[in-house]
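Step one of this worksheet: look at the structure below.
Set out below in structure tokens:
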């Protein structure tokens, strides 16, 4: 209960749900100020997605558990993150981003404190499901919300918010590792819980003030859909979800297995870790760049370009395995894949009503999380069966082809609808 008191004031009061927000102009200075706040909130709130990776070896040693048993905490984090995107997205559409974020801050802060107090492995695993659930608001719902603040620069805004996840992945792992070495993993979790609760609550209060005291009706002032596809929104959501699964199965092959792949080739796991860091760093560049592109050609075409480029990068992995080649290909892969997932949020806002955006984006992001989890697992299974990653890369290319087929089909349908309307 104590963790919730700190953020309760944010959502209580006479003006929380029904106060009419002042007139808001998209693409204005006020919109950019909101965007900066959203990026910082996402960079702090996304810490939970990366802390579990850093503390796994220490937790494994303390509980004398297997690596597989401890790794279940990561799986549950991802599941909570994906499921939370749907649940919190629905809350965002109904009550506004401020209420959704306040609840998530309370959930995340309490979960960090409980993680530090875990006395059994199953408690640690369960708590990380809650951390994933709380962290989810900083991705899909926040991307959807940012899409309401912009028209001309919507693509750029969505990708900037999405970059908060990569910023968190760059900043938090070394900080958490330092904390574990200095004060232990339990105290580090407690410190994270306090830090996130305080800083995110303050930032949310500032965001709430920028939104006129309430974000509940912000989508009512958002622009209507601009892209017409001659299928229902439910059918479009299903197709985009399948496309998200397919592209993320392909994406998972290098991201999950590049470290092990480099170890098998004799380069060492440290080299593989460097390649993974290179992917993540260039992924930030890719996300921002894809935002600029989406503002010019639309989310659907941006997704097509990103998926095509990702497929080419995967193809290079099949034919080149030299050290320099792998660094170059991994850098290319990072540059190509970073903008793919945010493109789905842009497409949702271009083709679906604003009042449903956070829920629809949450569903598609949940599908992408499943794709990443399944892709990482199935690539390992293929390696075990064949003794080589060649077939696993080929599997990724095949899934990437499915994504391309869906995107091309949707583009053709949209073009036909545009011609009929003209």
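In this note's numbering, the protein residues as written are 3 to 424. For each residue, glycine too, the CB sits at the ideal point set by N, CA and C.
Let me make sure I understand the geometry here. Which of the options has the alpha-carbon closest to that of residue i?
{"i": "residue 257", "options": "233, 236, 285, 270", "result": "285"}
{"i": "residue 211", "options": "383, 86, 176, 100", "result": "100"}
{"i": "residue 29", "options": "332, 156, 391", "result": "156"}
{"i": "residue 334", "options": "343, 314, 141", "result": "314"}
{"i": "residue 191", "options": "152, 418, 130", "result": "130"}
{"i": "residue 198", "options": "106, 374, 297", "result": "106"}
{"i": "residue 135", "options": "379, 85, 398, 259", "result": "85"}
{"i": "residue 201", "options": "418, 421, 387, 47", "result": "47"}
{"i": "residue 307", "options": "337, 237, 67, 141", "result": "337"}
{"i": "residue 355", "options": "379, 236, 410", "result": "236"}
{"i": "residue 268", "options": "299, 318, 323", "result": "323"}
{"i": "residue 77", "options": "213, 372, 421", "result": "372"}
{"i": "residue 401", "options": "414, 387, 378", "result": "378"}
{"i": "residue 203", "options": "213, 104, 344, 141", "result": "104"}
Where does residue i sit, in a helix, a strand or coil, going by DSSP?
{"i": "residue 323", "result": "coil"}
{"i": "residue 68", "result": "coil"}
{"i": "residue 352", "result": "helix"}
{"i": "residue 447", "result": "Nothing about residue 447 can be read from this structure; the chain reaches only from 3 to 424."}
{"i": "residue 26", "result": "coil"}
{"i": "residue 368", "result": "helix"}
{"i": "residue 313", "result": "helix"}
{"i": "residue 122", "result": "coil"}
{"i": "residue 156", "result": "helix"}
{"i": "residue 213", "result": "coil"}
{"i": "residue 286", "result": "helix"}
{"i": "residue 218", "result": "Residue confidence for residue 218 is low, a pLDDT of 49 falling below 50, so the modelled location carries little weight; the figure read from the coordinates is stated next. Here residue 218 sits in coil by DSSP."}
{"i": "residue 340", "result": "coil"}
{"i": "residue 93", "result": "helix"}
{"i": "residue 151", "result": "coil"}
{"i": "residue 363", "result": "helix"}
{"i": "residue 408", "result": "helix"}
{"i": "residue 232", "result": "coil"}
{"i": "residue 390", "result": "coil"}
{"i": "residue 177", "result": "helix"}
{"i": "residue 301", "result": "helix"}
{"i": "residue 269", "result": "coil"}
{"i": "residue 141", "result": "coil"}
{"i": "residue 98", "result": "coil"}
Going by the beta-carbon positions, is the gap between residue i and residue j smaller than 8 angstroms?
{"i": "residue 178", "j": "residue 53", "result": "yes"}
{"i": "residue 159", "j": "residue 149", "result": "yes"}
{"i": "residue 65", "j": "residue 116", "result": "no"}
{"i": "residue 1", "j": "residue 381", "result": "Nothing in the structure corresponds to residue 1, since the chain is present only between 3 and 424."}
{"i": "residue 137", "j": "residue 83", "result": "yes"}
{"i": "residue 346", "j": "residue 331", "result": "no"}
{"i": "residue 245", "j": "residue 408", "result": "yes"}
{"i": "residue 152", "j": "residue 33", "result": "yes"}
{"i": "residue 271", "j": "residue 261", "result": "yes"}
{"i": "residue 398", "j": "residue 251", "result": "yes"}
{"i": "residue 310", "j": "residue 406", "result": "yes"}
{"i": "residue 392", "j": "residue 320", "result": "yes"}
{"i": "residue 255", "j": "residue 316", "result": "yes"}
{"i": "residue 384", "j": "residue 249", "result": "no"}
{"i": "residue 329", "j": "residue 277", "result": "yes"}
{"i": "residue 114", "j": "residue 166", "result": "no"}
{"i": "residue 426", "j": "residue 362", "result": "The shown model of the chain, from 3 to 424, leaves out residue 426, and the question about it has no answer."}
Please return the same chain residues whose Cβ sits closer than 6 angstroms to the Cβ of residue i, not counting the five positions on each side in sequence.
{"i": "residue 49", "result": "170, 174"}
{"i": "residue 360", "result": "91, 94, 95, 143, 146"}
{"i": "residue 349", "result": "301, 302"}
{"i": "residue 339", "result": "253, 312"}
{"i": "residue 209", "result": "39"}
Short of 7 angstroms in beta carbon distance, which residues of its chain neighbour residue i, apart from the five on each side in sequence? Order them along the chain.
{"i": "residue 162", "result": "37, 41, 290, 293"}
{"i": "residue 60", "result": "182, 187"}
{"i": "residue 102", "result": "90, 93, 94, 139, 143"}
{"i": "residue 205", "result": "39, 42, 43"}
{"i": "residue 275", "result": "261"}
{"i": "residue 67", "result": "123"}
{"i": "residue 31", "result": "none"}
{"i": "residue 71", "result": "123"}
{"i": "residue 412", "result": "231, 241, 302"}
Using beta carbons (cut-off 8 angstroms, strictly below), is residue i in contact with chain B?
{"i": "residue 411", "result": "Structure shown: chain B not included; a single protein chain is present."}
Write down the C-beta distance between residue i and residue j rounded to the nearest angstrom, noting that I regard them as a contact closer than 8 angstroms.
{"i": "residue 416", "j": "residue 231", "result": "5 angstroms"}
{"i": "residue 89", "j": "residue 110", "result": "Going by Cβ atoms, the distance from residue 89 to residue 110 rounds to 14 angstroms, so no, they are not a contact pair."}
{"i": "residue 247", "j": "residue 370", "result": "7 angstroms"}
{"i": "residue 87", "j": "residue 368", "result": "5 angstroms"}
{"i": "residue 118", "j": "residue 189", "result": "7 angstroms"}
{"i": "residue 58", "j": "residue 45", "result": "Not quite, the Cβ-Cβ distance comes to about 22 angstroms (not below 8 angstroms), so this is no contact."}
Quick one: is the Cβ of residue i within less than 7 angstroms of any heavy atom of the ligand SAH?
{"i": "residue 239", "result": "Summarising the ligand content, the structure contains no ligands, and the ligand SAH is consequently not present."}
Spatial neighbours of residue i within its chain, please: CB distance less than 8 angstroms, with the 5 preceding and 5 following residues excluded, ordered by chain position.
{"i": "residue 280", "result": "329, 332, 333, 336"}
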